[in-house]
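Engineer:
Residue numbers (this note's numbering): 1 to 985.
(1) For residue 45, which of helix, strand or coil comes out of DSSP?
(2) Taking its Cβ as the centre, do 16 or more other Cβ atoms sit within 10 Å of residue 937, making it buried, or is it exposed?
(3) Please report the straight-line C-alpha distance between residue 9 and residue 46, rounded to a whole angstrom.
(4) Mind checking residue 439: buried by the 16 CB within 10 Å criterion, or exposed?
(5) Taking the alpha-carbon positions, what's the residue 426 to residue 257 distance?
(6) Name, in chain order, the residues that DSSP records as bridge partners for residue 810.
(7) On the premise that residue 192 lies in contact with residue 1019, defined as a C-beta separation below 8 Å, what is that separation, rounded to the nearest angstrom?
(8) What are the partner residues of residue 662, as DSSP defines its beta bridges?
(9) Taking the straight line between their C-alpha atoms, what separation do you get for residue 413 and residue 285?
(10) Which value, in whole angstroms, describes the spacing of the CA atoms of residue 422 and residue 618?
(11) Exposed or buried, what is residue 314 when buried is set at 16 or more other beta-carbons lying within 10 Å of its beta-carbon?
(12) With distance defined between alpha-carbon atoms, name the residue in 482, 164, 403 and 592 nearest to residue 656.
(13) On the three-state DSSP scale, how would you describe residue 783?
(14) Could you spell out the range, first to last residue, of the beta strand (DSSP E) harbouring residue 926?
(15) Pick out the complete beta strand (DSSP E) segments inside the segment 428-495, 3 residues or longer, and give them in chain order.
(16) Starting from residue 101, trace the beta strand (DSSP E) both ways and give me its first and last residue.
(17) At 4 residues or longer, what runs of the alpha helix (DSSP H) sit wholly inside the segment 271-311?
(18) Compute the beta-carbon to beta-carbon distance between residue 665 and residue 112, rounded to the nearest angstrom, for a pair I have assumed lies under 8 Å.
(19) Going by DSSP in three states, residue 883 sits in which element: helix, strand or coil?
(20) Closest to residue 464 by CA distance: which of 408, 519 and 400 is it?
(21) Any idea what DSSP makes of residue 135, helix, strand or coil?
(22) Terminal residues of the continuous beta strand (DSSP E) containing residue 195?
(23) Within the chosen definition, does the segment 449-466 reach the segment 533-552 through at least 3 CB pairs nearer than 8 Å?
(24) Excluding sequence positions up to five away, which residues of its chain have a Cβ less than 6 Å from the Cβ of residue 517?
(25) For residue 947, write down the residues that DSSP places opposite it in a beta bridge.
(26) Could you check which residue in 866, 891, 888 and 890 has the C-alpha nearest to that of residue 881?
(27) Would you kindly check if the distance between the Cβ of residue 707 and the Cβ of residue 381 is under 8 Å?
(28) With DSSP collapsed to three states, give me the class of residue 425.
(29) Can you name the residues that DSSP bridges to residue 210?
(30) Does the contact criterion of 3 or more C-beta pairs under 8 Å hold for the segment 640-656 versus the segment 96-103?
(31) If you follow the beta strand (DSSP E) that residue 179 is part of, which residue opens it and which one closes it?
(32) Using the Cβ count rule (16 or more neighbours within 10 Å means buried), how would you classify residue 19?
(33) In this structure, how does DSSP classify residue 580 when only helix, strand and coil are distinguished?
(34) Where does residue 78 sit, in a helix, a strand or coil, going by DSSP?
(35) Inspect the beta-carbon positions of residue 733 and residue 297 and report whether they are closer than 8 Å.
(36) Using DSSP with H/G/I as helix, E/B as strand and the rest coil, what is residue 39?
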């Protein structure tokens, strides 16, 4: 670091050593080079004159790395602009960091680093959550992150992260996955599809596949949008699409259009022909344990709707009234020492969410009644006061006690709903969970244990003390001595009916022969884990294995059973040791034996079905509904592409991990090139806070703990007991019988579908099942054809074009002066000869014209449209008048009787009908008498409307049993087929 001769000459010749950067460098050269060893000084070629040399500082690292285009310290030298701070900036610059990475052999991309993407993701989530918590739905991309960039760069980085998640998941689906499940749902005109996949190495991936806006949910739109989502996920590659579309399971909710779309896609050879099972969302199925039986039992439906769900119920009134909510909170504070409850947390859009308001009604019954008394007094004559008065007059001991039992039932169903609502619920435990649910319900309502636990016990204690109040009809009181055992048993009868209906619903929603229930042989929960496989258990294992191996022919049934029994003890050990779900236990067991010996413990057949268990776990659309929840947090001004990529980023980025950031850097380099440079902790962290034992959550935990001790009971036993206990109520209620019939029909349809899917055992197939299944398929085909016909008719009606009056067409005008205005057309006074009818109001033509149009067909137009036709139908004209097109009824082959009494009363209309029958294109044959009409009807048999009759109103009433005998108004309405021609532009 000695001074060269050039340095000495510069010092001698420099006249301004105080401001000269070279002199400053020479004075501090030892210190600067000690702090920055990479710093050098040399002569550089002048950028404007190659023959001229200038002095400047350089960077050895940038020069060796060859960064002559991106770094001044490697290309022309630093001449001191900005002083020493310019040197310090280069020491911290990305160019010098890049040079270091190049010299160390690291891959360097012209893109933001992995740390930059990680910082973006952290800030992106922070800003989005902050905006949403403030209720601001503007774009959260419209912000600046120091050191990264502004809105444009944020949008590009989000796109790269989303595409990186797409790329990583696509690689897994194409190269590794062997079993794929699709979950789809529609909400507010948007179809969202998620997936669950498992590889042969038993690696499970669940993620977001795509979303697509659709027209109002129609079967064709759902099919097209599902195809579009798959193609987008496959980047438009047909080969990728052919691999991914070979799904094994499709899941959607029970909406008719979604189930129909899945059935048609399953039958489509270009879509999901290899699908093994179409599943109705189990979570929605469990919700029907409440909704359908509650609606079928009159007393339960009346109490639950009047007190909880109906729009004019006191619960809804309290939920949406700030004044009554504050009054309710004060009463809760005074009577129940609860300072946090303000309303009943009613959410009408989900039926199972009624558990919270029902339970709170029971727990805070006195505060609720006091609030109603307050409203009836202070809001008298107003809507809220009237509802409160009706509530006070409606409640009784039996109704309140029944509501408390409904709260217990709702809480039991909510336990099952929460189990199935998880994104990765254990499918192997499904039957066990349902059995435990049925056992608890049986213990509560058939054994009468609800008296000693939960909401029912709490209500009994509340009603032991009488409550008095005034109503418009006089004084009232509830509770006290009227709470007798007879009243309890009478109320319990209603719950017996609910349990009876519940067992039918369970069998209909979760048929025991389904592949989903067959997966229960892999269940390793505490009860099955501690029990040995007896003779009965072995028979069940063989039945379930037969169903699964029939669905997956590549699995050998006998080898699978041998491997299953061999590996099961090892899986049980893992389940007990680690407390993990069934799939995880089986996966660890298979991996453990595979590492040691694949010959002494073969798992080839077992692993293929365990792989399906891993993919099928969490088989519900609840994950899709969580996507909708995230979607509501996405900003409205995002484009469809950015919205899809943001959903992908929010849903899958955390699951994939740091790999997504390195992939995003690679994608950035391909798309955009080099980028431009541009809370206090808790003091008691780690200390568990005390829990108040008097809270609602603590009460629910105690209630569930008290009921959990119920013994295990089979569904068939509970069904038989419930039917006996509620036999009188079932026999007396038509709606309950109809619901039972509906569930039994649903069970039979499921059995037919199971037969068609090949999952029924030989002992489960009735003798006439083949004929029944054939009739079932024929009925489906007939419904499909009818639907296609209806769709075609709708399209024809909506696609009518503006008619053109040709030189051969005759026109009838209501006002003869109109014919003088436009003499180019052929006019006629005979209505039966005209095709176009010009009237003042085409929507209500004169009666004779109306009958002629219905019978012979034609176009009814107004004067404005006639003028438009006379002008040659110019495209520039926007107001084209009104036009209605009528299809000719006489083109359909029929035999028609016009009764003598009708001819006498309506001679003009009779002449119009006779003229229509004699038209050259008419397919109508006139009949002369009622005797001839009766003879033809007898010959027609089931073809009712091939012979029709028009009579007077008295004759139509007298022959009310015959659907093919019409009065004048009925005849006209039944024959009329009219479409509106849209003449506006």
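A virtual CB, placed ideally from N, CA and C, is assigned to each residue, including glycine.
Structural biologist: Short version:
(1) strand
(2) buried
(3) 20 Å
(4) buried
(5) 28 Å
(6) 826
(7) Any property of residue 1019 remains undetermined from this structure, which presents the chain solely from 1 to 985.
(8) Paired residue(s): none; residue 662 is not in a bridge.
(9) 11 Å
(10) 7 Å
(11) buried
(12) 164
(13) helix
(14) 924-927
(15) 467-471 and 474-478
(16) First-last for residue 101: 94-103, but that is the alpha helix (DSSP H), not the beta strand (DSSP E).
(17) 282-296 and 298-304
(18) 6 Å
(19) strand
(20) 400
(21) With a pLDDT of 46 at residue 135, under the threshold of 50, the modelled position of that residue is not reliable, and the figure given next carries that caveat. The answer is coil: DSSP assigns residue 135 none of H, G, I, E or B.
(22) 190-199
(23) no
(24) 431
(25) 895
(26) 866
(27) no
(28) coil
(29) 193
(30) no
(31) 177-187
(32) exposed
(33) coil
(34) strand
(35) yes
(36) strand
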